[in-house]
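Chemist: Numbering (the numbering used here), first residue to last: 123 to 455. Ideal Cβ positions, reconstructed from N, Cα and C, are used throughout, including at glycine. What follows is a single structure, and I will ask about it in a moment.
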């Protein structure tokens, strides 16, 4: 950012690779210094590893994508899901410069970059318009199946706590939704699994069903046959999550529709960009997001410059603007 630092960052690599404009960010109000970026990469990475500055920058970009993909895969798989079943939502200042690559890496076919008129205040807008969610927990270990009266006493107390906490928010909710759960584990194990507990009065049958649901969920997470029923099942933590549902739904402003899919009306410039070190620097179209309309289709490789971020559409991928101004990148057929 031309601030005098000497440690290379992802921003330095993106600048050297041509992903970011030398003119700077925020319409040029945030200066960038490509020579300082090249020097930082040369001194700290390229020369010690015997690489060219360009190859070192490409390696930084590739490592960032690989690490993000690994973390994403680990997070999703460890919760018992397959990344290929999801759409990736990539927001913020840096994420859109990488999302197409790491989404494809983990098998996600589609990623959405939320843009549009509220993009720069996306997090604040979401925070202000989201339902309020609070939770209370109680550690009260016991052997399953639990005494229903004991479970009811714990959940009733937690529900009162959650309702009181939601009332303290000072908001008029349309309704309050409460969800109970228990953290269970096989005796003496460390792997606890949260299982939903039904609302209303609890009886012995309900406790037995919760234990069965735990064993099913455990198998989903860790594989069939990994459970050990003979060890018994322990209840560790009682939890109630309350959602105060707001009496309105946010309405995002829509963007005008394009007369045709060709986005050339928004073509701002062409610059050499390196997205694949095996290919090197390629003349790449750069689009001004402010001129894009719903229905415009961008074929990669391409760069889309937004006042608050930069989006990369990788080679062999396409990006389409929707009616809210968001960009949907299709990573694979």
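#1: With a 10 Å radius around its C-beta and 16 neighbouring C-beta atoms as the bar for buried, classify residue 303 as buried or exposed.
#2: In the stretch 364-451, which residue ranges form an unbroken alpha helix (DSSP H) of at least 4 residues, counting only runs that do not cross its ends?
#3: In the structure shown, what three-state DSSP assignment does residue 156 receive?
#4: I'd like to check one pair, residue 171 with residue 179: are the Cβ atoms closer than 8 Å?
#5: Between 349, 218, 329, 228, which has its C-alpha nearest residue 192's C-alpha?
#6: The beta strand (DSSP E) spanning residue 308 covers which residue range?
#7: Look at residue 336 and residue 276 and say whether their C-beta atoms are less than 8 Å apart.
#8: According to DSSP, what are the bridge partners of residue 258?
#9: At which residues does the beta strand (DSSP E) containing residue 234 begin and terminate?
#10: For residue 257, collect the residues of the same chain with a Cβ closer than 8 Å to its Cβ; drop the 5 residues on either side in sequence, then sort them by chain order.
#11: Taking one C-beta from the stretch 404-419 and one from the stretch 432-444 each time, how about it: are there three or more such pairs within less than 8 Å?
#12: Using the beta-carbon count (16 or more within 10 Å), is residue 306 buried or exposed?
#13: Nearest chain C C-beta to residue 357 closer than 8 Å, yes or no?
#14: Please report the distance separating the alpha-carbon of residue 315 from that of residue 340.
#15: Going by beta carbon distance, what residues of the same chain come within less than 6 Å of residue 259, once the five residues before and after it are set aside?
#16: Residue 338 bridges to which residues according to DSSP?
#17: Can you give me the start and stop residues for the beta strand (DSSP E) that residue 316 sits inside?
#18: Check whether the Cβ atoms of residue 329 and residue 268 lie closer than 8 Å to each other.
#19: Which residues in the same chain as residue 222 place their Cβ atom closer than 7 Å to its Cβ, once the five residues preceding and following it in sequence are excluded?
#20: What number of angstroms, rounded off, separates the C-alpha of residue 375 from the C-alpha of residue 247?
#21: In whole angstroms, what separates the C-alpha of residue 206 from that of residue 231?
#22: Is it buried or exposed for residue 324, if we count other Cβ within 10 angstroms and need 16 for buried?
#23: From residue 264 to residue 320, what does the alpha carbon distance come to, in whole angstroms?
#24: Let me confirm a value: residue 425 is counted as buried when at least 16 other C-beta atoms fall within 10 Å, else exposed. Which label applies?
Modeler: Judging by the given coordinates:
#1: By 1-based counting over the chain shown, the position of residue 303 is 181. Flag for residue 303 reads buried.
#2: none
#3: Against the chain shown, residue 156 aligns to sequence position 34. In this structure, residue 156 counts as helix in the three-state DSSP scheme.
#4: As a working mapping, residue 179 is identified with position 57 in the chain shown. As a working mapping, residue 171 is identified with position 49 in the chain shown. It is not a contact, given that the beta carbons lie outside the stated cut-off.
#5: Start at 1 with the first residue of the chain shown, and residue 192 comes out as number 70. Among 349, 218, 329, 228, the Cα nearest to that of residue 192 is on 228.
#6: Reading the chain shown from its first residue, position 186 is the one you call residue 308. Element bounds for residue 308: 297-308.
#7: Working through the chain shown from its first residue, we reach residue 336 at position 214. Working through the chain shown from its first residue, we reach residue 276 at position 154. Cβ atoms of residue 336 and residue 276: not closer than 8 Å.
#8: The count along the chain shown starts at 1 and reaches residue 258 at position 136. Its beta-bridge partners are 362.
#9: Working through the chain shown from its first residue, we reach residue 234 at position 112. Unbroken beta strand (DSSP E) run through residue 234: 232-235.
#10: Residue numbering aside, residue 257 sits at position 135 when the chain shown is read from its first letter. Contacts found: 284, 361, 362, 363, 364.
#11: yes
#12: What you label residue 306 is simply residue 184 of the chain shown in a count that begins at 1. Buried, since its Cβ has 16 or more Cβ neighbours within 10 Å.
#13: Protein chain content of the structure displayed is limited to a single chain, and chain C is not contained in it.
#14: Within the chain shown, numbered from 1, the residue matching residue 315 stands at position 193. Within the chain shown, numbered from 1, the residue matching residue 340 stands at position 218. Cα to Cα, the separation comes out at about 7 Å.
#15: If you number the chain shown from 1, residue 259 lands on position 137. Closer than 6 Å at Cβ, skipping near neighbours: 359, 361.
#16: Mapped onto the chain shown, residue 338 falls at position 216. Paired residue(s): none; residue 338 is not in a bridge.
#17: Here residue 316 refers to the residue found at position 194 when the chain shown is read from its first residue. First-last of the beta strand (DSSP E) with residue 316: 315-319.
#18: Within the chain shown, numbered from 1, the residue matching residue 329 stands at position 207. Within the chain shown, numbered from 1, the residue matching residue 268 stands at position 146. Contact flag set, yes.
#19: Numbered from 1 along the chain shown, position 100 holds the residue referred to as residue 222. So the qualifying residues of the chain are 233, 434, 435, 436, 439, 451, 453.
#20: Against the chain shown, residue 375 aligns to sequence position 253. Against the chain shown, residue 247 aligns to sequence position 125. Taking the straight line from one Cα to the other gives about 13 Å.
#21: Looking up residue 206 in the chain shown gives position 84. Looking up residue 231 in the chain shown gives position 109. Cα to Cα, residue 206 sits roughly 7 Å from residue 231.
#22: For this step, residue 324 is matched to residue 202 along the chain shown. Residue 324 is buried by the Cβ-count criterion.
#23: For the purposes of this step, residue 264 is identified with residue 142 of the chain shown, where counting begins at 1. For the purposes of this step, residue 320 is identified with residue 198 of the chain shown, where counting begins at 1. Spanning the two alpha carbons is a distance of roughly 18 Å.
#24: Numbered from 1 along the chain shown, position 303 holds the residue referred to as residue 425. Buried is the call here.
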